[in-house]
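J.: Going by our numbering, the letters in the sequence shown line up with residues 50 to 234, in that order. One structure, as structure tokens, below. Some questions next.
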Amino acid sequence: MRVLLAGILAVAALPVPAIEDVLTRIDPQRSLAEFKVSLRMPIPAEGRFGSVNGELRQLPEFRHSVHVVLDARELKMSGPPWIQRVTDSPQFLDSARYPVIEYRSVAFPSQVLISGGEISGTLTIRGIIREVMFTISPSSCRQPGRNCPILAHGRLNRHEFGMSAYRWGLRDEVQFAFQLKFVDE
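Encoded structure:
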């Protein structure tokens, strides 16, 4: 009996494996992140980040979370050069002082990656953290992120992130769009 009890105690003392395991990393070269600002004039103001970094974590009970990191200094805006200057300026993204844009979702059901739906989480821009909702589009394949990209988009009010300058030329809405693919392992 003492041997059995000692064996049970020895097993109970073993380290417990981590609950979260990284499912996969986002492929920075095959993924896209786009940024769109609505101007008050008929000029396109869309941009693309140089790379997308982050990971998708598998959680217990068929749930996931996503963490996406963008370098604001790598955002390249289309259109006239002044659009790039305004976007990078201290009054807007302030990319020199706040180079990291980051999104961390709360746990969401795995099925959302296939059937689509909304995921919420926190978005950090200019060091300001706000809750933001992103919509995942229904997948066009059985293994989203591997055989086809995961498509997501979201809208936010720029004033909530301290970007209140340039009211004469910019509307309040800012849009993000993602096409996420995973690293082949």
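Ideal Cβ positions, reconstructed from N, Cα and C, are used throughout, including at glycine. Please read these numbers as outputs of a predicted model, since none were measured by experiment.
Look up Leu124 in the DSSP assignment and say whether it is helix, strand or coil.
T.: Leu124: coil per DSSP, three-state reduction.
J.: If you follow the beta strand (DSSP E) that Ile177 is part of, which residue opens it and which one closes it?
T.: Where Ile177 is concerned, the enclosing beta strand (DSSP E) stretches over 177-185.
J.: Ile75 and Gly96 look like a contact to me (Cβ under 8 Å); what is the Cβ gap, rounded to whole Å?
T.: So it is not a contact: roughly 19 Å between Cβ atoms.
J.: Assuming Gln228 is part of the alpha helix (DSSP H), what are its boundary residues?
T.: Where Gln228 is concerned, there is no enclosing alpha helix (DSSP H), although the beta strand (DSSP E) it sits in stretches over 219-229.
J.: In terms of residues, what are the limits of the beta strand (DSSP E) holding Ser164?
T.: Counting along the chain, Ser164 falls outside any beta strand (DSSP E), though it belongs to the alpha helix (DSSP H) covering 161-164.
J.: Roughly how many angstroms lie between the CA atoms of Arg175 and Ser159, to the nearest whole one?
T.: Their backbone Cα atoms lie some 30 Å apart in a straight line.
J.: What are the boundary residues of the alpha helix (DSSP H) that includes Gln133?
T.: Start and end: 130-137.
J.: For Arg204, which residues of its own chain have a beta-carbon under 6 Å away from its beta-carbon, when the five flanking residues on both sides are left out?
T.: Cβ within range, chain order: Glu222, Gln224.
J.: Can you give me the start and stop residues for the beta strand (DSSP E) that Leu205 sits inside?
T.: Element bounds for Leu205: 199-206.
J.: Alpha carbon to alpha carbon, what distance is there between Leu88 and Pro129?
T.: Computed Cα separation, rounded: 12 Å.
J.: What whole-angstrom Cβ distance do Tyr152 and Leu172 have, given they're in contact under 8 Å?
T.: Their Cβ separation, rounded to whole angstroms, is 5 Å, which keeps Tyr152 and Leu172 in contact under 8 Å.
J.: If you reduce the DSSP assignment to three classes, tell me which class Met98 lands in.
T.: Per the sequence shown, residue 98 should be read as Phe rather than Met. It is coil, neither helix nor strand.
J.: In whole angstroms, give me the CA-to-CA distance for Asn196 and His202.
T.: One C-alpha to the other measures close to 20 Å.
J.: Using the Cα positions of Gln133 and Glu110, report the straight-line distance between them to the nearest angstrom.
T.: Cα to Cα, the separation comes out at about 44 Å.
J.: Assuming Arg153 is part of the beta strand (DSSP E), what are its boundary residues?
T.: Element bounds for Arg153: 149-154.
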